[in-house]
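For my numbering, add 17 to where a residue sits in the sequence shown, where the first one is 1.
For each residue, glycine too, the CB sits at the ideal point set by N, CA and C.
First the structure, in the form of structure tokens, and then the observations on it.
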Amino acid sequence: MNIDSEVRNFVDLSSIDKARFLARFMYELTLDARNFYSPGSNQDIDANKLRFVNEIQHRVTRFIEQILIDDPARPADEVLLKLLLAPRSEKTIEALVHSAYTRTIQALG
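Written out as structure tokens, the structure reads:
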């Protein structure tokens, strides 16, 4: 995935389209996060991965709010996209984020 290209594409979106894109990304990410636990069973929970997804949700939902209220303190679009798409030492997490991001592009494309 070319991060610079994704940043350029995201920056070119209108504010409402940025919010829509990120909301859909959050939806896609939570679908994958369901693999880290099994409701109603005794399966082990992957707490580290769930913690990561929660942290991403925290940051992205705040960013969506900042877009919608036109908050001048909002970080640059590039900062958020690089946070999401940067290479990670935990390749399972990297694949999770890239998969959700790719499905978001396909769904909204």
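Query: Coil, strand or helix - Ala8 by DSSP; Result: The chain is shown from 18 up to 126; residue 8 falls before or after that span and cannot be answered.
Query: Segment contact, 8 angstroms Cβ cut-off, at least three pairs: the stretch 31-45 with the stretch 112-123; Result: yes
Query: Reduced DSSP secondary structure (H/G/I, E/B, other) of Ile86; Result: coil
Query: Contact check, Lys66 vs Ala50, beta carbons under 9 angstroms; Result: yes
Query: Candidates Asn19, Glu45, Arg68 and Asn26, of which the one nearest Ala124 by Cα; Result: Glu45
Query: Cβ separation of Arg76 and Leu113, assumed to be a contact under 8 angstroms, to the nearest whole Å; Result: In fact, because the Cβ distance is near 15 angstroms, the residues do not count as touching under 8 angstroms.
Query: Where the alpha helix (DSSP H) containing Ile20 begins and where it ends; Result: Ile20 to Val28
Query: Nearest-angstrom Cα separation, counted from Glu111 out to Asp61; Result: 21 angstroms
Query: Under the three-state DSSP convention, the category Arg105 falls into; Result: coil
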